[in-house]
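Undergrad:
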Amino acid sequence: MPSQITAQGLSTVIPLYVIFLGGDIGEVAIISALQNGAITIGSLAWGRIIDRFHSKRPILVTSFLFVLLCSVGMYFTNSVYVLYLLAVVLGFFMVARSPVTQLLVMESVQKNLWSWLFARTSIIGSLGMLVAMIIGTVGSFYFDLRPYFLICAASSGIAMILSMSVKGDGIHIERSSIAHSLHGLRYSISNHHFVFPKFLEAYDFRHIIALFKGKISNEIGIFYLASFFFYFGSNVYFTAWTPFLKNQHFSNGDVFLNYAIQMVTMLLVFFIAPKIISKFGEERSTILAHIPRILAVLIPAISLFFMAGALGFPVTITSACLMVIAFSIFSTSSSVIFFKSIPQGFEGKYLGVNSAVTGVGVFAGSLVTGELTKSLGYAAMFVTASVVLVVSLVLYQTYFRYRLSHDKTV
Numbered sequence: 292m293p294s295q296i297t298a299q300g301l302s303t304v305i306p307l308y309v310i311f312l313g314g315d316i317g318e319v320a321i322i323s324a325l326q327n328g329a330i331t332i333g334s335l336a337w338g339r340i341i342d343r344f345h346s347k348r349p350i351l352v353t354s355f356l357f358v359l360l361c362s363v364g365m366y367f368t369n370s371v372y373v374l375y376l377l378a379v380v381l382g383f384f385m386v387a388r389s390p391v392t393q394l395l396v397m398e399s400v401q402k403n404l405w406s407w408l409f410a411r412t413s414i415i416g417s418l419g420m421l422v423a424m425i426i427g428t429v430g431s432f433y434f435d436l437r438p439y440f441l442i443c444a445a446s447s448g449i450a451m452i453l454s455m456s457v458k459g460d461g462i463h464i465e466r467s468s469i470a471h472s473l474h475g476l477r478y479s480i481s482n483h484h485f486v487f488p489k490f491l492e493a494y495d496f497r498h499i500i501a502l503f504k505g506k507i508s509n510e511i512g513i514f515y516l517a518s519f520f521f522y523f524g525s526n527v528y529f530t531a532w533t534p535f536l537k538n539q540h541f542s543n544g545d546v547f548l549n550y551a552i553q554m555v556t557m558l559l560v561f562f563i564a565p566k567i568i569s570k571f572g573e574e575r576s577t578i579l580a581h582i583p584r585i586l587a588v589l590i591p592a593i594s595l596f597f598m599a600g601a602l603g604f605p606v607t608i609t610s611a612c613l614m615v616i617a618f619s620i621f622s623t624s625s626s627v628i629f630f631k632s633i634p635q636g637f638e639g640k641y642l643g644v645n646s647a648v649t650g651v652g653v654f655a656g657s658l659v660t661g662e663l664t665k666s667l668g669y670a671a672m673f674v675t676a677s678v679v680l681v682v683s684l685v686l687y688q689t690y691f692r693y694r695l696s697h698d699k700t701v
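Just so we're aligned, residue 292 is where the sequence shown starts under our numbering, counting upward by one.
#1: Hey, quick one: how far does the alpha helix (DSSP H) through D545 stretch, first residue to last?
#2: If you draw a straight line from the alpha carbon of L307 to that of R437, how long is it in whole angstroms?
#3: Just list the alpha helix (DSSP H) runs in the segment 298 to 366, keeping only unbroken ones of 4 residues or longer that don't cross its boundaries, in chain order.
#4: Contact between the segment 362 to 377 and the segment 413 to 426: three or more CB pairs below 8 angstroms?
#5: Between V681 and V674, what straight-line distance do the alpha-carbon atoms span, to the nearest angstrom?
#6: What would DSSP say about G600, mapped onto helix, strand or coil?
#7: Can you tell which of G650, M614, K504, V555 has its C-alpha closest to the C-alpha of F423?
#8: For L491, report the span of its alpha helix (DSSP H) as first-last.
#9: Could you round the C-beta distance between H581 and S683 to whole angstroms and report it? I think they count as a contact, below 8 angstroms.
#10: Could you tell me which of A531, G544, M557, I513 sits nearest to D315, measuring between CA atoms?
#11: Have a look at R694, T649, G300 and flag the residue whose alpha-carbon is nearest the alpha-carbon of S508.
#12: What are the complete alpha helix (DSSP H) segments, minimum 4 residues, inside the segment 589 to 675?
#13: Going by the CB atoms, is the gap between V391 and W405 shorter than 8 angstroms?
#14: Which residues in the same chain have their Cβ closer than 7 angstroms to the Cβ of F367, if we skip the five residues on either side of it in sequence?
#15: Which term fits W337, buried or exposed, when burial requires 16 or more other beta carbons within 10 angstroms of its beta carbon?
#16: Using the rule of at least 16 other Cβ atoms within 10 Å of the residue's Cβ for burial, across every protein chain shown, is H498 buried or exposed?
#17: What span of residues does the alpha helix (DSSP H) with F434 cover, start to end?
#18: Are there three or more Cβ pairs, one per stretch, closer than 8 angstroms when the segment 604 to 624 is compared with the segment 651 to 658?
#19: Is the beta carbon of L381 closer than 8 angstroms to that of V400?
#20: For F520, which residues of its own chain have a beta-carbon under 8 angstroms away from its beta-carbon, when the five flanking residues on both sides are left out?
#21: Look at the alpha carbon of L536 and the alpha carbon of S622, and state the distance between them as a whole number of angstroms.
#22: Would you mind working out which of L351, A617, L377 sits nearest I321, comparing C-alpha positions?
#23: If you draw a straight line from the alpha carbon of A670 to that of Q295, how long is it in whole angstroms?
#24: Mapping DSSP to helix, strand and coil, what is V386?
#25: Decide yes or no for the touch test of the segment 344 to 358 against the segment 449 to 458: beta carbon pairs closer than 8 angstroms, at least 3 of them.
#26: By alpha-carbon positions, which one of A298, F311, R339, V309 ends up nearest to G643?
#27: Only counting the same chain, and skipping five residues up and downstream in sequence, which positions put a Cβ closer than 7 angstroms to that of I628?
#28: Within 10 angstroms of the Cβ of A493, are there 16 or more other Cβ atoms? Answer buried if so, exposed if not.
#29: How long is the line joining the alpha carbons of E510 and S626, rounded to whole angstroms?
#30: Let me confirm a value: Q635 is counted as buried when at least 16 other C-beta atoms fall within 10 Å, else exposed. Which label applies?
#31: Can you tell me which of the three DSSP states T530 falls into?
#32: Classify Q539 as helix, strand or coil using the three-state DSSP reduction.
#33: Helix or strand or just coil, what does DSSP make of N403?
#34: Going straight from the alpha carbon of G427 to that of G328, what length do you get?
#35: Shortest alpha-carbon distance to G639 belongs to which of A324, L473, G430, I563?
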């Protein structure tokens, strides 16, 4: 919980602080892209370190220590350029806890209890995210943004102290085991973690490369491409959301409250999503999940077109909640579909390619948001993001049709 308080708190306050220092959506987009790039590289680096040394406690302590130091550094800086550097360090070290958490869950209980403990971990983590937003909402009435970094630092310090109780011995499960576990894979995707069980080679991307040559060597290439557009379009929205709210003259407290309500919605949908997927099936649920996602991105654009910027709090809440409702369903259904699509013996490579594609989509989404908004404005930017999500929807439908046709011929 304290680690999630820090992570969610920093992801919210950093864009606000960039704007406070005089930056705009361009600077927010750059800092988001740099941090997401560092997270992707860190996922690969720390995973290799875990497999090589099995040093869970030192990695956790190191991760939380550097997050603490970055939080303190952000408290003292008044330069956006220093924030760029700190964001890279923060992203690289913050992600170190993710594979450790996954492996600790799998080592702590029997295999038939993995689903229960992963679900419990997700709920506790989500509660931590909610606490971070409540602190920000209430704290905005009493202090400005800068002291919030010290709250994040203190929370990371608590996480560091607690992580010292993690035992260094016991079962040594390799990271590749996550690729063999639907529960671990679902947790990874829903929590936006990138997992690279093996170093990838150019040959591993052959299914995607074949698509650009006009061929389909395996339908999984269509799935990868669909995932890329899904995360690309989604992250354009997420990168722009905080600057957009500030552009609409929302106070810092309003921004934190917006995210707090979003967290509550995500917790509630967590319990409902499995029932929805059970009723409609994984394929239909993945398709249906795109609809609220696309609507969520279009709502602020339509409001700006027809309300001349008079964007109310209920409108933004509706948009934000639809985003998490869609992702809660999508992350669960798509992870099941992906798990079923992996040939036996190729789990590590397929999961690594999926993580790489997701990482590139997230990075590219952050990178283009600033220039796209500066050139076209917020309304056109949201419309563009919705079009990208429609492309993702069409590709997923193509993937399902192709797989069904392929199964019939076999």
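Where a beta carbon is used, it is the ideal one built from N, C-alpha and C, also for glycine.
TA: On the basis of the supplied data:
#1: For this step, residue 545 is matched to residue 254 along the sequence shown. Per DSSP, D545 belongs to the alpha helix (DSSP H) from 543 to 571.
#2: Residue numbering aside, residue 307 sits at position 16 when the sequence shown is read from its first letter. Residue numbering aside, residue 437 sits at position 146 when the sequence shown is read from its first letter. C-alpha of L307 to C-alpha of R437: approximately 10 angstroms in a straight line.
#3: Whole alpha helix (DSSP H) segments, 4+ residues: 316 to 344.
#4: The segment 362 to 377 makes no contact with the segment 413 to 426; the number of CB pairs closer than 8 angstroms stays below 3.
#5: As a working note, residue 681 is residue 390 in the sequence shown. As a working note, residue 674 is residue 383 in the sequence shown. One alpha carbon belongs to V681, the other to V674, and they sit about 11 angstroms apart.
#6: Translated into positions along the sequence shown, residue 600 becomes position 309. Confidence at G600 is low in this model, with a pLDDT of 49, below 50, so the placement of that residue should be treated as unreliable; the coordinate-derived value is given next. Note: G600 maps to coil in three-state DSSP.
#7: Taking the sequence shown and counting its residues from 1, the one referred to as residue 423 is at position 132. Correcting the residue type first, residue 423 is Ala in the shown sequence and not Phe. Of the listed residues, the one whose Cα sits closest to A423 is V555.
#8: If you number the sequence shown from 1, residue 491 lands on position 200. Neither: L491 is in no alpha helix (DSSP H) and is coded neither H nor E.
#9: Stepping through the sequence shown from its first residue, residue 581 is reached at position 290. Stepping through the sequence shown from its first residue, residue 683 is reached at position 392. Between S683 and H581 the Cβ distance is about 7 angstroms, and since that is below 8 angstroms, they are a contact.
#10: If you number the sequence shown from 1, residue 315 lands on position 24. Checked all of A531, G544, M557, I513; the closest Cα to D315 is A531.
#11: In the sequence shown, residue 508 corresponds to position 217, counting from 1. The shortest C-alpha separation from S508 is found at R694.
#12: The qualifying runs are 604 to 632, 638 to 667.
#13: Stepping through the sequence shown from its first residue, residue 405 is reached at position 114. Stepping through the sequence shown from its first residue, residue 391 is reached at position 100. No, they are not a contact pair.
#14: Position 76 of the sequence shown, counted from the start, is the residue given in the question as residue 367. None.
#15: By one-based count along the sequence shown, residue 337 stands at place 46. Buried.
#16: If you number the sequence shown from 1, residue 498 lands on position 207. With 16 or more Cβ atoms within 10 Å of its Cβ, H498 is classed as buried.
#17: Translated into the one-based positions of the sequence shown, residue 434 becomes position 143. It is not in any alpha helix (DSSP H) - F434 carries neither H nor E in the DSSP assignment.
#18: Judged by Cβ distances under 8 angstroms, the segment 604 to 624 makes no contact with the segment 651 to 658, as fewer than three pairs qualify.
#19: The residue labelled residue 400 in the question sits at position 109 within the sequence shown. The residue labelled residue 381 in the question sits at position 90 within the sequence shown. Not a contact, by the Cβ cut-off of 8 angstroms.
#20: Position 229 of the sequence shown, counted from the first residue, corresponds to residue 520. Excluding residues within five positions, the ones whose Cβ falls inside 8 angstroms are G652, V679, L680, V682, S683, L686.
#21: Counted from its first residue, the sequence shown places residue 536 at position 245. Counted from its first residue, the sequence shown places residue 622 at position 331. When rounded, the distance between both Cα atoms is 26 angstroms.
#22: The count along the sequence shown starts at 1 and reaches residue 321 at position 30. With distances taken between Cα atoms, I321 lies closest to L377.
#23: By one-based count along the sequence shown, residue 670 stands at place 379. By one-based count along the sequence shown, residue 295 stands at place 4. Rounded to whole angstroms, A670 and Q295 show a C-alpha spacing of 32 angstroms.
#24: The residue you call residue 386 lines up with position 95 of the sequence shown. Looking at V386 - three-state DSSP - the assignment turns out to be coil, as it is neither helix nor strand.
#25: Flag = yes, the segment 344 to 358 and the segment 449 to 458 touch.
#26: Residue mapping note: residue 643 aligns to position 352 of the sequence shown, counting from 1. That would be R339, whose Cα lies nearest to the Cα of G643.
#27: The residue labelled residue 628 in the question sits at position 337 within the sequence shown. E573, E574, T577, listed in sequence order.
#28: Indexing the sequence shown from 1 puts residue 493 at position 202. Exposed: under 16 other Cβ atoms inside 10 Å.
#29: Residue numbering aside, residue 510 sits at position 219 when the sequence shown is read from its first letter. Residue numbering aside, residue 626 sits at position 335 when the sequence shown is read from its first letter. One C-alpha to the other measures close to 16 angstroms.
#30: Within the sequence shown, the letter at position 344 stands for residue 635. It counts as exposed.
#31: As a first step, residue 530 is located in the sequence shown; it is residue number 239 there, counting from the start. When secondary structure is reduced to three states using DSSP, T530 falls in the helix class.
#32: In the sequence shown, the residue the question calls residue 539 occupies position 248. Q539: coil per DSSP, three-state reduction.
#33: As a first step, residue 403 must be located in the sequence shown, where it is residue number 112. For N403, the three-state secondary structure derived from DSSP is helix.
#34: Taking the sequence shown and counting its residues from 1, one reaches residue 427 at position 136. Taking the sequence shown and counting its residues from 1, one reaches residue 328 at position 37. Cα-Cα distance, rounded: 26 angstroms.
#35: What you label residue 639 is simply residue 348 of the sequence shown in a count that begins at 1. For the residues A324, L473, G430, I563, the minimum Cα distance to G639 belongs to L473.
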